[in-house]
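Participant: Line order of the protein sequences matches chains A and B.
1 is the number of the first residue of the first sequence in full-length UniProt numbering; add one for each residue after it.
1 is the number of the first residue of the second sequence in full-length UniProt numbering; add one for each residue after it.
Yeah, the Cβ is synthetic: ideal placement off N, Cα and C, and Gly gets one too.
Only a predicted model underlies this, so the values are computations on that prediction, with no experimental measurement involved.
One structure, pasted below without further comment.
Protein chains: 2
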Amino acid sequence: MASLGPNIDELMQALRCLPGVGPKSAQRMTFQLLERNRDGAERLMLSLQAALQNVRHCQRCRILSETELCSRCSDPDRRQDQLCIVEMPSDVLAIEQATAYQGQYFVLNGHLSPLDGIGPETLGIPTLIRWLDSQETEEIILATNPTVEGEATAHYISELARARQIRVTRLAHGIPLGGELEYVDSTTLSHAFAGRGTV
Amino acid sequence: MASLGPNIDELMQALRCLPGVGPKSAQRMTFQLLERNRDGAERLMLSLQAALQNVRHCQRCRILSETELCSRCSDPDRRQDQLCIVEMPSDVLAIEQATAYQGQYFVLNGHLSPLDGIGPETLGIPTLIRWLDSQETEEIILATNPTVEGEATAHYISELARARQIRVTRLAHGIPLGGELEYVDSTTLSHAFAGRGTV
């Protein structure tokens, strides 16, 4: 492929580290940034610089944070005895937005996946164990994804909790609201059928 | 929506200047960059910085270039009397890749669009006129897009060329190779039918 210059090529390559960006999109983005939106390119450059410098993880719940403790962990009004465990920071945002949950979070930043070398250490399980041993926790809400790896991670953590007599709950499975029975996959439907409740 | 901090929010906003990136993708990209690929984020930041500093336009053909004249304009082996006029730098790359064309290019960096305030000045038409007046040109190949604006731009330039007795050609319209008649839109089909040739 014809090249326009090393800096332009390098920018196209660098953009491909973004999720969902292949060679064609990277080229389109490069031209957009350099041809039509240099202000946007500069803003992106500066914000990357600032974020790389200032964003680290909350020392308590491991979410991305710009302060040592994130805003939720340092909020004295939140319940201290409920702990919701999620895989990703985006899950925290989704739960905060959708529910009235007012307890604590712990972000694994992944799920158990021994084949990829992701074990309990990587997920911060030692930190979680210290948390459970040092602080009264009444309920652990396991909000990992309903995938094979997410379920395995949830099972692993529920064993830790049970050894400490902590009540463990899991998000309910069933038919999504607004969904149509006909289009729900059979595993979900069988879960929903088995878990039917009286009205 | 819950916020993780001003630097993280600013990065999410800044990513939205990329074409095709909405709020959800920007959030996904931000987490990917800060959580899993800080090296990629740093590389992107540095390459943006380098490109913003070093990339300008070729003074002759107006394509993005890191030198005063781009590699094509400074290549003495290319034909000087053929001039292909395109809308975008990516069109030059596409033609270079697909054809054996060995002439000159001129990049408009857009098309005539009076409602958006894009007139001949913005498209570098004065530069083009100086080119046509100062240098022998035998053929102008109009390779603007087959859209209403692209056709209008092509018409405008063909008038300039005709006033200077320069031969003007336009890329052929017709059925794309590998396409099926049934799925070709009716305008293209009628063009292809009217422009049929003897075999």
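Using beta-carbon positions only, say whether residue 48 of chain B and residue 55 of chain B come within less than 7 Å of one another.
Facilitator: Cβ distance not < 7 Å, so residue 48 of chain B and residue 55 of chain B don't count as in contact.
Participant: Please list, in chain order, the chain A residues whose beta carbon lies closer than 8 Å to that of residue 121 of chain B.
Facilitator: Under the 8 Å cutoff, chain A gives no residues; its nearest Cβ is about 16 Å from residue 121 of chain B.
Participant: Just to confirm my understanding: we take residue 169 of chain A, look at its own chain, exclude 5 residues before and 5 after, and list those with CB closer than 8 Å. What are they?
Facilitator: So the qualifying residues of the chain are 139, 140, 141 and 142.
Participant: Which residues of chain A have a Cβ atom closer than 7 Å to the Cβ of residue 49 of chain B, listed in chain order?
Facilitator: 45
Participant: Taking the alpha-carbon positions, what's the residue 78 of chain B to residue 5 of chain B distance?
Facilitator: 54 Å
Participant: Going straight from the alpha carbon of residue 33 of chain B to that of residue 12 of chain B, what length do you get?
Facilitator: 11 Å
Participant: Would DSSP call residue 53 of chain B helix, strand or coil?
Facilitator: helix
Participant: Could you work out which residues of chain A lie near residue 98 of chain B, taking near to mean beta carbons separated by less than 9 Å?
Facilitator: Residues of chain A passing the Cβ test: none, with the nearest at roughly 10 Å.
Participant: Does residue 168 of chain A come within less than 7 Å of chain B when only Cβ atoms are used?
Facilitator: no
Participant: For chain B, check one thing: does any of its Cβ atoms lie closer than 7 Å to the Cβ of residue 17 of chain A?
Facilitator: yes
Participant: On the criterion of 16 or more Cβ atoms from any shown chain inside 10 Å, does residue 23 of chain A qualify as buried, or is it exposed?
Facilitator: exposed
Participant: Report the residue from B:38, B:43, B:25 and B:185 whose alpha carbon sits nearest the alpha carbon of residue 9 of chain A.
Facilitator: B:43
Participant: Using a Cβ-Cβ cut-off of less than 7 Å, give me the residues of the UniProt domain "Toprim" (81 to 176) of chain A that come near chain D, in sequence order.
Facilitator: Looking at the structure shown, chain D is missing, and the protein chains on hand are A and B.
Participant: Which value, in whole angstroms, describes the spacing of the CA atoms of residue 130 of chain B and residue 45 of chain A?
Facilitator: Near 37 Å, if we compare the C-alpha coordinates of residue 45 of chain A and residue 130 of chain B.
Participant: Check whether the stretch 111 to 129 of chain B and the stretch 142 to 160 of chain B touch, using three or more Cβ-Cβ pairs below 8 Å as the test.
Facilitator: With a cut-off of 8 Å, the stretch 142 to 160 of chain B and the stretch 111 to 129 of chain B count as touching, because enough Cβ pairs lie within range.
Participant: What would DSSP say about residue 148 of chain A, mapped onto helix, strand or coil?
Facilitator: Note: residue 148 of chain A maps to helix in three-state DSSP.
Participant: Under the assumption that residue 166 of chain B contacts residue 85 of chain B (Cβ atoms under 8 Å), give the Cβ distance between them as a whole number of angstroms.
Facilitator: Contact flag wrong, Cβ pair sits at about 11 Å.
Participant: Give the list of continuous beta strand (DSSP E) stretches no shorter than 3 residues that lie fully inside the UniProt domain "Toprim" (81 to 176) of chain A.
Facilitator: 82 to 86, 104 to 107, 139 to 142 and 167 to 170
Participant: Quick one: what does DSSP say residue 33 of chain A is sitting in, helix, strand or coil?
Facilitator: If DSSP states are grouped into helix, strand and coil, residue 33 of chain A belongs with the helices.
Participant: Report the CB separation of residue 173 of chain B from residue 195 of chain B in whole angstroms; it is logged as a contact under 8 Å.
Facilitator: 7 Å
Participant: Using a Cβ-Cβ cut-off of 7 Å, state whether residue 26 of chain A counts as contacting chain B.
Facilitator: No, residue 26 of chain A does not count as interfacial toward chain B.
Participant: To the nearest angstrom, report how far apart residue 104 of chain A and residue 122 of chain A are at their CA atoms.
Facilitator: Approximately 20 Å, taken between the alpha carbons.
Participant: Is DSSP giving residue 64 of chain B helix, strand or coil here?
Facilitator: Looking at residue 64 of chain B - three-state DSSP - the assignment turns out to be strand.
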